Amino acid sequence: MLRTLTKAAAVSTLLVLGAGAAFVLWPLPSNLLERQGLVSLQLTDRTGATLRELRSREDGRSLPLPPGELPERLRQAFVAAEDQRFASHPGVDPFAVARAVVQNLRAGRIESGASTLTMQLARRLRPRPRSLLGKAGEALWALRLTLHLPRERILREYLDRVPLGSSAIGVEAAAQLYFARRASRLSTGQAALLAGMARSPASLDPFRHPDRSLARMRQVLERMRGLGFLSADEARVAASTPLDLVAAERAFRAAHLTTAIERALPALGLDGASRVETTLDPSLQAGVEEAVREELAGLKDRKVGQAAALVVDNATGEILAYVGSADFFDEERGGQNDGVRALRQPGSALKPFAYGLALASGYTPATVLSDVETHLATPSGSYVPKNYDRRVHGPVRLRAALANSYNVPAVKLAERLGPDRVLEVLRRAGFDSLAKDASHYGVGIVLGNGDVTLRELARAYRGLARGGVVGPLVEIRSGSDAEGQPLPIPRELEPRRFLPAEVVGLLTDMLSDESARSPAFGVENSLRLPFPVAAKTGTSRAHVDNWAAGFTRERTVAVWVGNFDGAPMRGVSGITGAGPLFKRVMLLAMRGLDPAPLVDRSRFEAVDICPLSGRRAGPACPGALSEVFLPGTAPAEGCAMHRREG
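Residues 1 to 646 in this note's numbering are what the sequence shown lists, from first letter to last.
Okay, structure coming up:
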């Protein structure tokens, strides 16, 4: 019986050893060292400064060491602190195991686990219960890792995954958290402090327990000296050199943009990115944020609670400044709402696109439109459009009607052109939010009765700045994965034309005409700048929303002011509410630039016209005006309204 039991035990032992050997010899799983979900995502501005860091995991933030050779001092510090025979053992250190057994027997409990760096890595890759069986599993995995991976790779994987307190995972994240520098630039003392923390990150956290962490650092330095990594003088200097510990920080700038990017990552195919560089210009962003706060403070008595602003580089489509509200953390005013992407009614800010369609359909800046009380039949009943000043102005030239933002001529123009054609141009210009059919909006589409976003408005006005070609707005310059490899950045749309270039040139001339807009807005108004700007304001019904958008050759600016809860403002129009903010932001956007000419007037034909008939002025026409036309479109007939008698 004893012989049978002995034989069975031997067979069982051989089977266990065989199974263990087979496990160790079997190739590593292909996804074992996968980094997705390990690495935090850093969102930066265009200079590389961190705007926000998104945690890669619920229990911490992690950054990988950059490719290349491991920093020597870090290698030495962690080997000295955690695994002095790392270079020679097969993943399990038999001497450490023997020592741990003796210590645990003497203590009557487990005080030492004899874990090597490789066993600690195995625990991070394949978590197991802290038990004898779990420890045996770690040992098998450590043997398997050592058999299939170079030691340099094992050490790198360990250094990228070791918890180092304050939710930092890996030495790169810890170096930036505690010392605001890359791991490759750590001093000997700083490297020793991090290595010392690996044993007990919480109790040795230098933010919470500075005395303990310093004492442990000195122990590690002494071990490094004992292993020949440091001389006695080097160890002494490292122990006495200031560590330059910095206060814990969590960058959270450009909150609305970074939040929008975070939500869009899966759709963009960037959910595995570790670094995303945005297009933001940090200096301009700070200036626009300040302008928003200060302008809102001046409008507080008029019940204006929020604002948003965008600055776009016309050449590239890159968003240089993005402000979604005055304060992301202002709960009372709904600060976490993003005014750049919120759907609101844009008022007259959509008129230029209808007038552009008119110019492309045979109208000219001299075409006379009727501004008299008008009753329009709509599916919901009779509609009587009103001008902002509650007056009618009789016959007005198309240029004056647009520049002064008269509503009645615009609505009648939309009726003649057809709401379906106006809507088609708007959609071609990138207003994707106008998704309902033309019968839903009717002629009111020209007055902005459909909801759009500030971002769409900026994109469309940039399209005007580019001669009638809408293109994608760009918020991300580049992205890279955990290995530093670049990731493709999809664009939101392919460039497309929505109005002819020559028509947009003439429309731009009208939108930048200061004298034409002065009857309604005065000579000194908020759209008047030291350089030519094509601009338009808008106010939605009941004074709920104010808009202003415009462009130079170099920049497009779009702003919104209002209240996220839909409360009406008091006595504020686009020219007095959004206009002053637009002016400040445009001045900031053009700082340091030499503005190029906005319109080449030599492309037009200049003709004197009668302001009342819109035809060529005769000697009897009072107040004849010089108007410009696209070649071949100037009126051929003379004015028949005014004749000299006698």
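C-beta atoms are modelled at their ideal positions from N, C-alpha and C, and glycine is treated no differently. Nothing here was measured: the structure is a model prediction, and the numbers come from that model.
task: Rounded to whole angstroms, what's the CA-CA distance from Gly196 to Pro163? Just pull it up for me.
output: 12 Å
Under 8 Å by Cβ, that's how I've got Gly656 and Val368 pegged, so tell me the actual separation to the nearest angstrom. No statement about residue 656 is possible, as the shown extent of the chain runs from 1 to 646 and does not include it.
*Span of the alpha helix (DSSP H) holding Ile261?*
Ala255 to Leu268
Let me know if Arg584 comes out buried or exposed under the rule of 16 or more other beta-carbons within 10 Å of its beta-carbon. buried
query: How about the segment 294–313 and the segment 541–560: do they share at least three Cβ pairs that are nearer than 8 Å?
result: yes
| query | Below 8 Å between beta carbons: does that hold for Thr453 and Leu581? | reply | no
- Query: Which runs of the beta strand (DSSP E) fall wholly inside the segment 190–239 and span at least 3 residues, in chain order?
  - Reply: none
Limits of the unbroken alpha helix (DSSP H) element including Asp545: Asp545 -> not in any alpha helix (DSSP H); beta strand (DSSP E) instead, spanning Asp545 to Phe551.
With a Cβ-Cβ cutoff of 8 Å, do Ala198 and Glu277 count as a contact?
no
**Asked** So the beta strand (DSSP E) Ala308 belongs to, where does it begin and stop?
**Response** Gln306 to Asp313
Checklist entry - What does a CB cutoff of less than 8 Å around Glu58 pick up in its chain, not counting 5 residues either side in sequence? => result For Glu58, the predicted model reports a pLDDT of 43, less than 50, meaning its position is unreliable and no value from the coordinates is stated.
Spatial neighbours of Pro519 within its chain, please: C-beta separation below 6 Å, excluding the five flanking residues on both sides.
Asn404
Practice item. Output the distance between the C-alpha atoms of Gly362 and Leu398, rounded to the nearest integer angstrom. Key: 12 Å
- Which two residues bound the contiguous alpha helix (DSSP H) that contains Ile154? Arg151 to Arg161
With distances taken Cα to Cα, identify the nearest neighbour of His256 among Pro242, Asp338 and Ala286. Asp338
Check: Is the distance from the Cβ of Gly448 to the Cβ of Leu527 below 8 Å?
Finding: no
(message) Quick check on the burial criterion: 16 or more other C-beta atoms within 10 angstroms. Buried or exposed for Pro242?
(response) exposed
Checklist entry - What did DSSP end up calling Arg57 once you bin it into helix, strand or coil? => result At Arg57, the pLDDT of 48 sits below 50, so the modelled position is not reliable; the number obtained from the coordinates is stated separately. Reduced to three states, the DSSP call for Arg57 is strand.
Per-residue DSSP class, three states only, for Pro127: coil
### Query
Got a sec, what are the start and stop residues for the alpha helix (DSSP H) Ser283 sits in?
Pro282 to Gly298
message = Taking the alpha carbon of Arg553 as the reference point, which residue from Pro635, Arg466 and Ala636 has its own alpha carbon closest?
response = Arg466
> How should Asp371 be labelled, buried or exposed, when 16 other C-beta atoms within 10 angstroms of its C-beta is the threshold for buried?
Replying inline: buried
ask   = CA-CA distance, Leu221 and Arg75?
value = 13 Å
Please identify the residue among Ala286, Thr508, Arg182 and Met590 whose C-alpha is closest to the C-alpha of Phe629. Thr508
query: Should Val561 be counted as a contact of the ligand MG given a C-beta to heavy atom distance under 7 Å?
result: For the structure depicted, the ligand MG is absent and the ligand set is empty, with no information on it obtainable.
Q: Name the residue from Ala429, Ser439 and Gly444 whose alpha carbon lies nearest to the alpha carbon of Arg455.
A: Ala429
Separation of Ala589 from Ala620, as counted between CA atoms: 47 Å
| said: Tell me the DSSP secondary structure of Gly37 in three-state form. | reply: Its pLDDT being 49, under 50, Gly37 is placed unreliably in this model, and the value from its coordinates should be taken loosely. Gly37 falls in the coil class under three-state DSSP.
Query raised in the report: If you count every other CB in all the chains shown that lies within 10 Å of the CB of Trp26, and 16 or more means buried, which is it?
Result: exposed
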